[in-house]
Amino acid sequence: MRAKHRVFQITKATSEVLTEMQDVTGEFVSYFQLLLGGNNSQRDIDISFLQQELKHIITQEEANLLSAPVTRNEIKEAVFDINEDSAPGPGGYTSGFFKTAWLVVGHAISEAIGDFFRTRKLLKQVNATLLALVPKQLPRSLFKRMQRVLHMLIDYSQNAFVPGHSISNNILLTQELLAGYNQAKLPPRCTLKVDIQKAYDSVEWDFLLEVLKLFNFPPRFIGWIEQCVTTATFSISLNGYVYGFFKGGRGLRQGDPMSPYLFVLIMEI
């Protein structure tokens with residue numbers, strides 16, 4: 113049965129068919145390195161003029177809550193919120209192991225994670241996409257804090273992923289807008305559905321950081337997010353083996369609890 117889920121050949125955009133595994137794996141690595149590698153050149157981005165158009169910006173009181181020291185209880189809650197069957201790292205340990213063995217390993221994990229929040233430094237070896245617990249826990253702690261303010265920052269026209277908003281509102285609005293749309297007596301009209309190609313993968317990191325500054329997120333909180341996002345490295349898992357190891361330059365991780373929140377903040381701009 114496993115053979116049915118293996119990749120033996122691929123067809124490139126040029127219609128060339130690759131059948132040698134070395135060529136196949138090389139093409140996969142090259143494709144994703146180009147997609148996620150981004151443009152590492154520094155660019156000056158000034159979007160400060162848009163701040164007056166925002167629904168709400170972070171107040172000092174909210175900033176204090178966002179950047180307060182992370183407690184051991186927050187760390188434990190974040191670890192225990194992770195699905196027990198989520199993808200393990202190369203060592204094979206899922207979050208279920210850490211939950212079961214928390215009395216033994218909990219102190220060491222809390223110290224390691226707490227050190228990140230104190231120093232804002234995350235080793236690239238820790239943030240490789242195949243290492244499971246720490247990179248999953250860090251965004252989850254930030255995600256829980258961001259939950260408290262997101263609904264104040266995002267307009268009601270955005271309903272996906274925002275606490276207190278319902279995506280069904282968009283469906284109802286669409287039905288109202290299109291009611292009687294085909295009546296001949298109405299003036300000419302058209303409807304456009306816009307789809308963002310590879311939405312998460314297209315997010316440029318430098319623009320994301322400027323958006324966070326625009327909403328007045330505290331520097332300490334932005335620094336935490338920057339380390340979680342911009343230290344990411346990637347490898348490609350294919351046919352049970354791991355290939356490549358490259359640094360990212362753009363994109364938000366699929367499955368990261370913080371990614372939808374960061375994306376809706378960008379879309380608000």
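So for the sequence shown, the numbering used here puts the first residue at 113; every next one is plus one. Glycine included, every Cβ here is placed at the ideal spot set by N, Cα and C.
From the options, pick the residue whose C-alpha is nearest to that of residue i; which is it?
i      : options                        : result
Leu304 : Tyr312, Leu289, Asn176         : Leu289
Tyr373 : Pro275, Trp336, Glu338         : Pro275
Asp158 : Glu173, Ser142, Leu326         : Leu326
Glu223 : Tyr205, Leu250, Thr212, Gly208 : Leu250
Glu380 : His168, Ser142, Leu148         : His168
Val261 : Gly226, Asn328, Asn281, Arg230 : Asn328
Phe333 : Leu178, Leu162, Phe144, Gly138 : Leu178
Gly335 : Asp227, Thr131, Lys233, Leu146 : Lys233
Pro123 : Glu139, Thr345, Ser280         : Residue identity check: residue 123 is Thr in the sequence provided, not Pro. Closest by alpha carbon: Glu139.
Lys310 : Phe144, Ser127, Ala125, Gln134 : Phe144
Phe255 : Tyr205, Ala125, Phe346, Ile194 : Ile194
Gln366 : Phe346, Phe358, Val354         : Phe346
Asn281 : Tyr268, Pro299, Gln172, Glu132 : Tyr268
Arg184 : Tyr205, Gln172, Trp214         : Trp214
Ile378 : Pro299, Tyr205, Leu166, Pro300 : Leu166
Would you call residue i buried or exposed, if buried means 16 or more other Cβ atoms sit within 10 Å of its Cβ?
i      : result
Arg362 : buried
His277 : buried
Ser371 : buried
Val129 : exposed
Ala296 : exposed
Gly352 : exposed
Gln164 : exposed
Ala190 : buried
Phe161 : exposed
Ser207 : buried
Ile170 : buried
Val216 : exposed
Leu146 : exposed
Val182 : buried
Arg114 : With a pLDDT of only 48 at Arg114, under 50, the local geometry of the prediction cannot be trusted, and the value read off the model is given with reservation. Looking at its Cβ environment, which holds fewer than 16 other Cβ atoms inside 10 Å, Arg114 is exposed.
Arg257 : buried
Ile283 : exposed
Cys340 : buried
Hey, residue i and residue j: beta-carbon distance below 7 Å or not?
i      : j      : result
Thr343 : Trp317 : no
Ala175 : Pro330 : yes
Gln270 : Val119 : no
Lys211 : Phe229 : no
Val315 : Leu364 : yes
Gly356 : Ile348 : yes
Ala272 : Ile279 : yes
So residue i and residue j are in contact, right, with Cβ under 8 Å, and what is the actual spacing, rounded?
i      : j      : result
Leu141 : Gln121 : The sequence shown places Val at residue 141, not Leu. In fact, because the Cβ distance is near 16 Å, the residues do not count as touching under 8 Å.
Ser253 : Ile308 : About 28 Å separates the two Cβ atoms, so there is no contact after all.
Asp313 : Leu148 : 6 Å
Leu321 : Glu338 : 6 Å
Cβ-heavy atom distance between residue i and the ligand NAP below 6 Å?
i      : result
Val376 : The ligand NAP is absent from the structure shown, which contains no ligand whatsoever.
Can you find a C-beta in chain C that's less than 7 Å from the C-beta of residue i?
i      : result
Arg332 : In the structure shown, chain C does not exist; there is a single protein chain.
task = Only counting runs of 4 or more residues, tell me where the alpha helix (DSSP H) segments fall wholly within the segment 306-352, in order along the chain.
result = Unbroken alpha helix (DSSP H) stretches of 4 residues or longer found wholly inside the segment 306-352: 317-326, 331-342, given in chain order.
query = Enumerated in chain order, which unbroken segments of the alpha helix (DSSP H) with a length of 4 residues or greater are wholly contained in the segment 140-172?
reply = Counting whole runs of 4 or more residues, the segment 140-172 contains no alpha helix (DSSP H) stretch at all.
Secondary structure, alpha helix (DSSP H): runs of 4+ residues fully inside the segment 273-297 = Those alpha helix (DSSP H) runs which fall completely within the segment 273-297 and span 4+ residues are 280-290.
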